[in-house]
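To keep things clear, I will list the structure first and then write my remarks on it.
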């Protein structure tokens, strides 16, 4: 049987569809997976038409998906099928070599940092948050405590541990950048201090571009401190595009308003540079396409890259039964947003480090071309 080839344009639509519907995988599947955690999760890494993306596989919606993939062969290749019709060959990337190592005190490296997409290393430095334990304040989509409770990570990764794992990931697996995020430990620096310590240790050990991610600290001087510590880019994630949605979905985090974020962006962009400050926007929480695009236009004007990602409901969270956005909705956002980014000459390929550069959780980068 001739295996269909998935072209670039078909691949873009497939990625959008797969990230909305999810994927059923025959057997145990393979490759790189992420289950639970601080942000969009319950995914596996899959390479489609040359692009490595994260696709939901552990969610309830994925179990009902019209897309199925056969158990991968020894080289990771698999046949993608939609409603019984062969679509084309995909590949599950092999787990990185650094996953097989552990620290001197017996902690596996994969509990300290994980590979995202093709070549981005990511970690949650503090696997706790002041808002998570109380559902009156926690983000309803967040599963930051799940991976900790399941023993898939550790509560705090020291600067020395992060530097050790980062160095190994570069040397063994050619990792190109690293994301350092954190649960919010306090309402003053909001994690900036621990991120600065981590960045400083990593950059002393290995030449690896870094993105740090936290809520806007009270003192904008932290942006300069983070840059001086070695951070190349900054992520401050709104998640919701409108204040009303943010107050409903993330009541604690919404106390730091959209306007406060915009003010923080205005202070951060001169420090990190145009396009080197990013924000994560979760499509499907209740904001309309028009509201997301209106905010994106304001962000781009400030020099901020709006990384729009489809919401993925994670089991065990209050939003586990909330429907993900349809692929048509995602296209209605991503196609015009891609045009806005082209017009502003703001491209994911110019981001030095972080989620926007990785691009695996969204098909946005394919709409920039």
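Residue numbers (the working numbering): 6 to 374.
Where a beta carbon is used, it is the ideal one built from N, C-alpha and C, also for glycine.
Item                                                                                                           : Value
Cβ shell of residue 300 (< 6 Å), same chain only, five flanking positions each side left out                   : 246
Reference residue 105, options 298, 70, 244 and 118, closest by Cα                                             : 118
Secondary structure of residue 30, DSSP reduced to three states                                                : strand
For residue 387, three-class secondary structure by DSSP                                                       : Residue 387 is absent from the model: the chain starts at 6 and stops at 374.
Between the CA atoms of residue 305 and residue 349 - distance to the nearest angstrom                         : 7 Å
Meets three-Cβ-pair contact criterion under 8 Å: the segment 148-168 and the segment 85-105                    : no
Minimum C-alpha distance to residue 320 - residue among 196, 239 and 67                                        : 67
Closest residue to residue 198 among 175, 171 and 226 (Cα-Cα distance)                                         : 226
8 Å contact criterion, which residue 172 and residue 130 should meet: CB distance rounded                      : That belief does not hold up - the Cβ atoms of residue 172 and residue 130 are roughly 17 Å apart, past 8 Å.
Segment contact flag, the segment 207-223 with the segment 352-360, C-beta cutoff 8 Å, min 3 pairs             : yes
CA nearest to the CA of residue 192, picked from 160, 135 and 308                                              : 135
CB contact flag (residue 55, residue 142, <8 Å)                                                                : no
C-beta atoms of residue 73 and residue 18 nearer than 8 Å                                                      : no
The segment 280-299 in contact with the segment 229-249 per 3-pair CB rule at 8 Å                              : yes
Buried versus exposed call for residue 102 [16 or more other C-beta atoms within 10 Å across all chains shown] : exposed
First and last residue of the uninterrupted alpha helix (DSSP H) at residue 234                                : 226-234
Residue from 269, 249 and 235 whose Cα sits closest to the Cα of residue 184                                   : 235
Residue nearest to residue 145 in terms of C-alpha spacing, selected from 69, 296, 374 and 290                 : 290
As assigned by DSSP and simplified to three states, the class of residue 238                                   : strand
Bridge-paired residues (DSSP) for residue 304                                                                  : In the DSSP output, where bridge partners are listed per residue, residue 304 has none listed.
Three-way DSSP call (helix, strand, coil) for residue 445 in this model                                        : This structure cannot settle anything about residue 445, because the visible part of the chain is limited to 6 through 374.
Residue interval of the beta strand (DSSP E) (run including residue 270)                                       : Not the beta strand (DSSP E): residue 270 falls in the alpha helix (DSSP H), residues 263-277.
One or two residues paired with residue 313 in a DSSP bridge                                                   : 286
Alpha-carbon spacing of residue 159 relative to residue 47, whole angstroms                                    : 18 Å
Alpha helix (DSSP H) runs contained entirely in the segment 168-231, provided each spans 4 or more residues    : 197-210
Straight-line Cα distance separating residue 52 from residue 368                                               : 12 Å
Beta-carbon proximity list for residue 355, same chain, < 6 Å, skipping 5 on both sides                        : 280
Proximity below 8 Å, CB of residue 219 to CB of residue 195                                                    : yes
8 Å Cβ shell around residue 4 - same chain, five flanking residues per side excluded                           : Residue 4 lies beyond the stretch modelled for the chain, which goes from 6 to 374, so this question has no answer here.
Limits of the alpha helix (DSSP H) - the one that residue 250 falls within                                     : 248-254
Given residue 341 as reference, the closest of 121, 331, 308 and 297 once Cα atoms are compared                : 297
Sub-8 Å separation of residue 336 and residue 64 beta-carbons                                                  : no
Beta-carbon spacing of residue 174, residue 126 below 8 Å                                                      : yes
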